[in-house]
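The block underneath contains the structure these notes are about, expressed in structure tokens.
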Amino acid sequence: MKTKLMLLVALLWGLVLLAGCSNNPKQVEETWVLEQEKVFTFSDGESLNLWRKYHIVDAVYKLSDGTTLLTIQSPIGPDNVYVGGVESFADLNESAQIAIREFYKEQGLLYDTQTELENAYEEYLICRESGKVYQERYISQAIVPTASNDNIICFLTSVTLPVDGRIAQEIRLGATFDRKTGQVLSNWDLFTLPEDAARQWLLDAFDVAPALRDEMKAALRPEYIVLFPQNLEVTFPRGTLLSQEHSYIVSLDYDELRAVFQTWAIPKTDKR
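Its first residue numbered 21, the sequence shown is counted upward by one per residue in the working numbering.
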């Protein structure tokens, strides 16, 4: 069985996050609007001011000396997000839209702003102590459509989070919905096998070393499954597999899955 294994070393959406310390500051001329002073205060008394870039709604947290500590992009999706060759939220009926919108409202943000501010400030202090220039951290969360057919529509929640230094991580969570009602489906229901058997089939298909297989068995969750038009991907986020430094992705095409996958769940290859 042909299985493609990939290590997620860089962001899969082509984003490059430059966070951490740098020997050379980058000067960018911006227009800023101060929204709130002292929006957050650290334990040492240093405070943050909340700024917005002119005409852009991203939240920009700056220290009192003007250093940009963290930029948080306003969350996007599932409305008004379009991917070439894939049906979008706008293609659904109103009742399905309402149900899917409610699902993502309940999901909420997949990061904690206070924790991320404290982590960023800790790195800023380390940079200052070492005489290096702190490079701002960046966070984003987007919900994008990934696949569909006459029965289902699938979305991916992609969250970009800073780690240490100049490294970023992406959390990828998949969800599948009945396209007529908007009801969320368990990704295990997409298989013809019971859940336990589907789990075992996937682990066999991954074709990895026994130790890694044991880690995957313990970590595997249905939301790690994401459907795309050409293939199904299972993403293990950074930290879920103890032996792996980065996120880990396994990709299976539908020819491999056909024997154990519901025919009604196989996506169309394009939106025509």
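We put the beta carbon where it would ideally sit given N, CA and C, even for glycine.
Since we're looking at a predicted model, the values are computed, not measured.
8 Å Cβ cutoff met for residue i and residue j
i	j	result
Val164	Val103	yes
Leu210	Ala140	no
Ser94	Asp78	yes
Leu137	Leu54	no
Leu181	Ile159	yes
Ala231	Ser263	yes
Thr260	Ile269	no
Ile120	Gly194	no
Glu293	Leu83	Residue 293 cannot be examined here, being either before or after the span of the chain that is shown, 21 to 292.
Pro242	Asn207	yes
Gly97	Ala162	yes
Neighbour-count burial assignment, residue i, 16 or more Cβ in a 10 Å radius
i	result
Ile118	exposed
Gln56	exposed
Gln155	buried
Ile245	buried
Ala39	The predicted model places Ala39 with a pLDDT of 45, which falls under 50 and marks its position as unreliable; any figure quoted below should be read in that light. Buried is the call here.
Trp284	exposed
Thr177	buried
Residues near residue i in its chain [Cβ-Cβ closer than 6 Å; skip 5 each side]
i	result
Arg292	Its pLDDT being 48, under 50, Arg292 is placed unreliably in this model, and the value from its coordinates should be taken loosely. No residues qualify anywhere along the chain.
Leu37	With a pLDDT of 36 at Leu37, under the threshold of 50, the predicted position of this residue should be treated as unreliable, and no value is reported.
Ile286	Tyr274
Cutoff 7 Å; reference residue i; Cβ partners in own chain excluding five residues on either side
i	result
Arg199	Leu112, Ala116, Ser168, Asn171, Ile172, Ile173
Thr88	Val80, Lys82, Glu156
Whole-Å CB distance - residue i paired with residue j, under 8 Å assumed
i	j	result
Met236	Leu252	15 Å between Cβ atoms; not a contact.
Thr133	Ile92	7 Å
Identity of the residue in the options nearest residue i by Cα
i	options	result
Ile76	Phe60, Thr51, Phe62, Asp64	Thr51
Glu126	Arg72, Gly86, Val204	Val204
Gln216	Thr135, Ala238, Asp227, Gln250	For the record, residue 216 in the displayed sequence is Asp; it is not Gln. Considering only alpha carbons, the answer is Ala238.
Gln250	Ala225, Glu122, Leu277	Leu277
Cutoff 8 Å; reference residue i; Cβ partners in own chain excluding five residues on either side
i	result
Leu240	Arg219, Leu222, Leu223, Val254, Phe256
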